[in-house]
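Colleague:
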Amino acid sequence: MNKLLNSLSNLLFPNLCVCCDAYLTFQEEAICDLCYHRLPKFENYLNAENSVSKKFWGRLKLEYASSYLQFSSNNDVRNILHEIKYKENHNLGIEMGKVLGRAMIKIPQLTNADVIIPIPLHPKREIERGYNQSNLIALGMSQVMGQIVSADKKRYERFINSSEIFKVVTPQVLKNKHVILIDDVITTGATIEACGNALLEVEGLKLSVVSLAVAI
Ligand SMILES: [Zn+2]
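Under our numbering, the first residue of the sequence shown carries the number 1, and numbering increases by one thereafter.
(1) Please classify Tyr86: is it buried, with 16 or more other beta-carbons within 10 angstroms of its beta-carbon, or exposed?
(2) Kindly give me the distance between the Cβ atoms of Ile229 and Ser211, rounded to whole angstroms, as I take these residues to be in contact under 8 Å.
(3) Can you pull every residue whose C-beta falls closer than 7 Å to some heavy atom of ligand 1, listed in chain order?
(4) Does the segment 103-119 come into contact with the segment 73-88, if we say contact requires no fewer than three beta-carbon pairs (one atom in each stretch) closer than 8 Å?
(5) Would you identify the three-state DSSP class for Ala213, choosing helix, strand or coil?
(6) Of the choices Arg38, Thr191 and Ser142, whose alpha-carbon is the least far from that of Gly93?
(7) In terms of residues, what are the limits of the beta strand (DSSP E) holding Leu181?
(8) How big is the Cα-Cα spacing for Asp114 and Glu29?
(9) Pull up the distance between the alpha-carbon of Ala103 and that of Tyr68, whole angstroms please.
(10) Find out if the Cβ-Cβ distance for the pair Met145, Ile117 is shorter than 8 Å.
(11) Starting from Tyr68, trace the beta strand (DSSP E) both ways and give me its first and last residue.
(12) In whole angstroms, what separates the C-alpha of Ile192 from that of Ser53?
(13) Report, in whole angstroms, the separation of the C-beta atoms of Leu139 and Gly97, which I expect to be a contact under 8 Å.
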């Protein structure tokens, strides 16, 4: 029945690819297969010494750091991030999270992690926007990787309070846990560094960092 309803609504309101505006088939979600395969991948993501992890050398003690896509100001990755961040395209956020999960599940250091935490938005910004885009990515990723997301709103607010300074509110919940911190795109890494340092104050906590895209 659901399938039938989906098909009908697709006839009335056809879904278009967010990158090229082509009509999507029933199997495609948000982005057509052609555009998906053309997305510039961050080639080095399976290698522990990649340029994302190198960004944090001497700044954060990490178990693993990686991204899946390569961001630039004139490629489709930028369009995708824009849709997720400003156009309320929640479906695309979750789908891209699954894509990210299918890549990261190949990395043993990440599959043994306990919990996924999306980097918190400034509370004021989250109220304005109504959602946190990194949360969508984390949700999709957890569906593939199996770890819990601590961003289900109420729990997550107890974990971390975001302002200019990050603070872990209930460190006992994260004690001795391996946390994967999720961001949509890493540029300078400054926000990750600030949030990561707050998390690393928790006793026995191990930290990894994963983002959908990276600007190199
Ligand atoms: Zn397309």
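Glycine included, every Cβ here is placed at the ideal spot set by N, Cα and C.
Modeller: Let me spell this out:
(1) exposed
(2) Coverage of the chain is limited to positions 1 through 216, which leaves residue 229 absent and any answer about it impossible.
(3) Cys17, Cys19, Cys20, Ala22, Ile31, Cys32, Leu34 and Cys35
(4) no
(5) strand
(6) Ser142
(7) His178 to Ile186
(8) 28 Å
(9) 7 Å
(10) no
(11) Tyr64 to Gln70
(12) 12 Å
(13) 6 Å
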